[in-house]
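Asker: Following the numbering used here, the numbering of the sequence shown begins with 16 at its first residue and continues without gaps. Beta carbons are placed, not taken as given, at the ideal position from N, Cα and C, and that holds for glycine.
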Amino acid sequence: MKIAAKPFSLAVISAVVLLAGCTKKPLRPTPDQTMMGPGNAGPAATADSGVSPENVNINPDAPALAPRSDVLEDQFTIRGLLKPVYFAFDRSAIKSSERPKLEAAAQYLQSHPQQRLLLEGHCDWRGTAEYNMGLGERRAEAAKQWLTGHGVDASRLDTTSKGSLEAVKNGTEDQMAKDRRVEIIILKNPGSGAAAAAAAAGAGPDASSGAAAPAPADAGAQ
Numbered sequence: 016m017k018i019a020a021k022p023f024s025l026a027v028i029s030a031v032v033l034l035a036g037c038t039k040k041p042l043r044p045t046p047d048q049t050m051m052g053p054g055n056a057g058p059a060a061t062a063d064s065g066v067s068p069e070n071v072n073i074n075p076d077a078p079a080l081a082p083r084s085d086v087l088e089d090q091f092t093i094r095g096l097l098k099p100v101y102f103a104f105d106r107s108a109i110k111s112s113e114r115p116k117l118e119a120a121a122q123y124l125q126s127h128p129q130q131r132l133l134l135e136g137h138c139d140w141r142g143t144a145e146y147n148m149g150l151g152e153r154r155a156e157a158a159k160q161w162l163t164g165h166g167v168d169a170s171r172l173d174t175t176s177k178g179s180l181e182a183v184k185n186g187t188e189d190q191m192a193k194d195r196r197v198e199i200i201i202l203k204n205p206g207s208g209a210a211a212a213a214a215a216a217g218a219g220p221d222a223s224s225g226a227a228a229p230a231p232a233d234a235g236a237q
């Protein structure tokens with residue numbers, strides 16, 4: 016009987032040890048106890064990871080990749096293909112930083128011998144309408160002189176002025192800087208210059224001829 020009891024005792028001891036070891040194992044975590052569970056998806060988690068509902072699945076390059084175009088075209092003209100030339104306060108001189116734009120315009124005419132350009136001068140809202148019309152014309156003429164001085168035939172260039180007719184009234188410094196410009200408009204057909212100039216000058220008399228007399232330099236125009 017004593018010999019038979021020993022195997023039985025060893026079996027009982029082994030079972031007890033096994034059960035004791037099992038009870039010490041941790042329980043399998045539930046979804047709420049994990050880092051990705053609902054209970055831990057608070058501000059602390061997003062602060063460490065840099066991920067929030069606002070930036071998930073956002074492509075930072077999307078705006079740059081979206082199709083965009085500022086080019087406007089009708090039967091007579093193409094606007095926006097050649098960049099506008101900007102001017103300093105109350106000045107009509109071509110800045111060195113703007114010359115590459117006129118170089119691009121000259122190259123365009125060389126590549127398109129049947130087309131011409133309309134140089135449309137603009138000012139910001141400050142100053143009298145008369146003075147701004149004259150300043151816009153002087154800016155357009157300055158662009159024309161630069162182009163003719165770099166090999167462009169003057170017969171392929173027209174000038175007009177809109178003065179401050181399209182300026183942003185009470186605009187910011189940035190808006191006013193953009194208003195002080197010469198638009199370089201492509202005339203698609205040889206006979207389209209008169210129609211385009213007439214349309215440009217429709218809101219003001221003598222705009223395409225530059226007939227407005229310039230006022231003194233202290234008139235406050237831009």
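If you follow the alpha helix (DSSP H) that Gly151 is part of, which residue opens it and which one closes it?
Answerer: Where Gly151 is concerned, the enclosing alpha helix (DSSP H) starts and stops at 144-163.
Asker: Would DSSP call Arg171 helix, strand or coil?
Answerer: helix
Asker: For Ile199, write down the residues that DSSP places opposite it in a beta bridge.
Answerer: Leu134
Asker: Who are the near neighbours of Val86 in its chain, counting only those whose CB is closer than 6 Å to its CB and skipping five residues on each side?
Answerer: Short of 6 Å from the beta carbon of Val86, and not among the five residues preceding or following it, lie these beta carbons of its own chain, in chain order: Gly95, Leu96.
Asker: Tell me whether Asp233 is buried or exposed, calling it buried when 16 or more other Cβ atoms sit within 10 Å of its Cβ.
Answerer: Bear in mind that the predicted position of Asp233 carries a pLDDT of just 37, short of 50, making it unreliable; the figure below should be weighed with that in mind. Classification for Asp233: exposed.
Asker: Pair every Cβ in the stretch 118-137 with every Cβ in the stretch 147-164, then say whether three or more of these pairs are closer than 8 Å.
Answerer: The count of Cβ pairs closer than 8 Å, one atom from the stretch 118-137 and one from the stretch 147-164, reaches three, so the stretches are in contact.
Asker: At what residues does the alpha helix (DSSP H) containing Arg114 begin and finish?
Answerer: 114-126
Asker: Can you find the residues in the same chain that come closer than 8 Å, C-beta to C-beta, to Asn185, ignoring five residues on each side of it along the sequence?
Answerer: Excluding its 5 nearest sequence neighbours in each direction, Asn185 has C-beta neighbours in its own chain below 8 Å: Trp140, listed in chain order.
Asker: Looking at C-alpha atoms only, which residue of Val197, Ile201, Phe91 is the closest neighbour of Arg153?
Answerer: Considering only Val197, Ile201, Phe91, the residue with the shortest C-alpha distance to Arg153 is Val197.
Asker: Since His165 and Ala119 should fall inside the 8 Å C-beta cutoff, what is the C-beta to C-beta distance between them, to a whole number of angstroms?
Answerer: Actually they are not in contact, since the Cβ atoms of His165 and Ala119 sit about 11 Å apart, beyond 8 Å.
Asker: With respect to the beta strand (DSSP E) encompassing Arg94, which residues constitute its N-terminal and C-terminal limits?
Answerer: 92-94
Asker: Return yes when the Cβ of Ser176 is within less than 9 Å of the Cβ of Gly142, no when it is not.
Answerer: For Gly142 and Ser176, no; Cβs fall outside 9 Å.
Asker: Using 10 angstroms around the beta-carbon of Phe102, count the other beta-carbons present and answer buried if the total reaches 16, otherwise exposed.
Answerer: buried
Asker: If you follow the alpha helix (DSSP H) that Glu188 is part of, which residue opens it and which one closes it?
Answerer: 188-194
Asker: Helix, strand or coil: which one does DSSP assign to Ser107?
Answerer: coil
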